[in-house]
Amino acid sequence: MKNVLGREIPEYIDGYGNVKIFEGAFKNMNPLKKASAKIKPVVPGDEKLVNSLEEVLDKVEIRDGMCISFHHHLRNGDYILNMVVESMAKRGIKNLTVAASSIFPTHKPLVAYIEDGTVSKIYANYISGPVADAISQGKLKYPAIMHTHGGRSRAIESGDLHIDIAFLAAPSSDMYGNINGLTGKSACGALGYAVSDAEYADTVIAITDNLVPYPNFPMEINQVYVDYVVKVDSIGNPAGIVSGTTQITKDPIGLKIAKNALDTMIASGLVKEGMSFQTGAGGISLAVAAELREYMNK
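Quick note, the numbering used here runs 45 ahead of the 1-based positions in the sequence shown.
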């Protein structure tokens, strides 16, 4: 079959399933349904706090072929993905689907688990470093599936991407699983990428290196979505947050683009007291923010 660009697209891809082609903007406006979330009963005396990752893996159902998810707010400083997959591999689990919002060079150990069949599928919004190289070399059993950041949330909410266990790196958590990224030695800021995982995964495990008294406030992800809380020595190195696309470009062409973008903003008349301004990750867009700061200070 052909997509809107006239390119031949297979109707079925092994490891992915039936293919829905892109028909064009606003061509498919049919109503959609959200997936239902699994709700687990609890009884008085149940505790969420467990002593180790190994202990929590003993409590939950782990099996071959399951889907496990991770957020990337610690970026190239994240420890959780490697920690969890290593523990799964030691238990002999195979054919895992890793649904990470992004994968960075720090996740190099994942390559060995791709090669030995521990991991056979990957969903991600961004992949760089050794894992990207391994996928490009055909080492991953099934095609890697990549989304936009918003497309990942849509896939989770619609049920197209079903998560069995979400492992949430939590810079700050109380014993009930109220978490945020604002405090603690691994503070990384907002945890927005993890919200859909928390709301729709069958089981949600918060992993923290900063266990605080109840209630942890602000509650960016509420305890009602969290099944277990694990305390570890470290969830990551926040120094790795400023990496890749979160570094201001030094490329002369990129800096010229940033200056032109600022000139356009000024010409629009929107640069004024009380303005609202947002930029995502990206060396050039961050350079625009730096140029804007300098202009406003002047």
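Even for Gly, the Cβ is constructed at its ideal location relative to N, Cα and C.
On a predicted model such as this, the values are computed, not experimentally measured, just so you know.
In the DSSP assignment, find the unbroken beta strand (DSSP E) run with residue i in it and report its ends.
i           : result
residue 221 : Neither: residue 221 is in no beta strand (DSSP E) and is coded neither H nor E.
residue 309 : No beta strand (DSSP E) holds residue 309; the alpha helix (DSSP H) holding it covers 297 to 313.
Which residues does DSSP list as the beta-bridge partners of residue i?
i           : result
residue 281 : 123
residue 320 : Answer is none; residue 320 lacks a bridge partner.
residue 70  : Note: residue 70 sits in no beta bridge, so no partner.
residue 115 : 145
residue 214 : 252
residue 58  : 62
residue 266 : 224
Which same chain residues end up closer than 7 Å to residue i when comparing Cβ atoms and leaving out the 5 residues on each side of it in sequence?
i           : result
residue 58  : 64 and 188
residue 278 : 254
residue 286 : 119, 120, 122 and 233
residue 204 : 80
residue 150 : 121, 173, 174 and 175
residue 77  : 203
residue 300 : 294 and 332
residue 258 : 219
With a threshold of 9 Å between beta carbons, is residue i in contact with chain D?
i           : result
residue 310 : The chain labelled as chain D is not found in the depicted structure, where only one protein chain is given.
Keeping to the same chain, check which residues put their C-beta closer than 6 Å to that of residue i; ignore five residues upstream and five downstream.
i           : result
residue 154 : 127
residue 248 : 105, 210 and 272
residue 265 : 225 and 236
residue 298 : none
residue 190 : 168
residue 330 : 324
residue 103 : none
residue 142 : 112 and 166
With DSSP collapsed to three states, give me the class of residue i.
i           : result
residue 147 : coil
residue 187 : coil
residue 168 : strand
residue 286 : coil
residue 50  : coil
residue 130 : helix
residue 245 : helix
residue 201 : helix
residue 240 : helix
residue 95  : strand
residue 194 : helix
residue 78  : coil
residue 152 : helix
residue 135 : helix
Would you decide whether residue i is buried or exposed? Buried here means 16 or more other CB atoms lie within 10 Å of its CB.
i           : result
residue 54  : exposed
residue 159 : buried
residue 196 : exposed
residue 85  : exposed
residue 284 : exposed
residue 322 : exposed
residue 135 : exposed
residue 22  : What the structure shows of the chain is the stretch from 46 to 343, and residue 22 is not part of that stretch, so it cannot be assessed.
residue 181 : exposed
residue 109 : exposed
residue 239 : buried
Tell me which same chain residues have a C-beta within less than 8 Å of the C-beta of residue i, skipping the five on either side of it?
i           : result
residue 49  : 66, 67, 68, 69 and 72
residue 261 : 217, 218, 219, 223, 224 and 225
residue 148 : 117, 126, 155, 167, 169, 171, 172, 173, 174, 176 and 177
residue 340 : 307, 311 and 316
residue 60  : 165, 166, 186, 187 and 188
Tell me which residue opens and which closes the alpha helix (DSSP H) that residue i is part of.
i           : result
residue 276 : Here residue 276 belongs to no alpha helix (DSSP H); instead the beta strand (DSSP E) covers 273 to 276.
residue 334 : 328 to 342
residue 175 : 175 to 181
residue 101 : 98 to 104
residue 155 : 155 to 160
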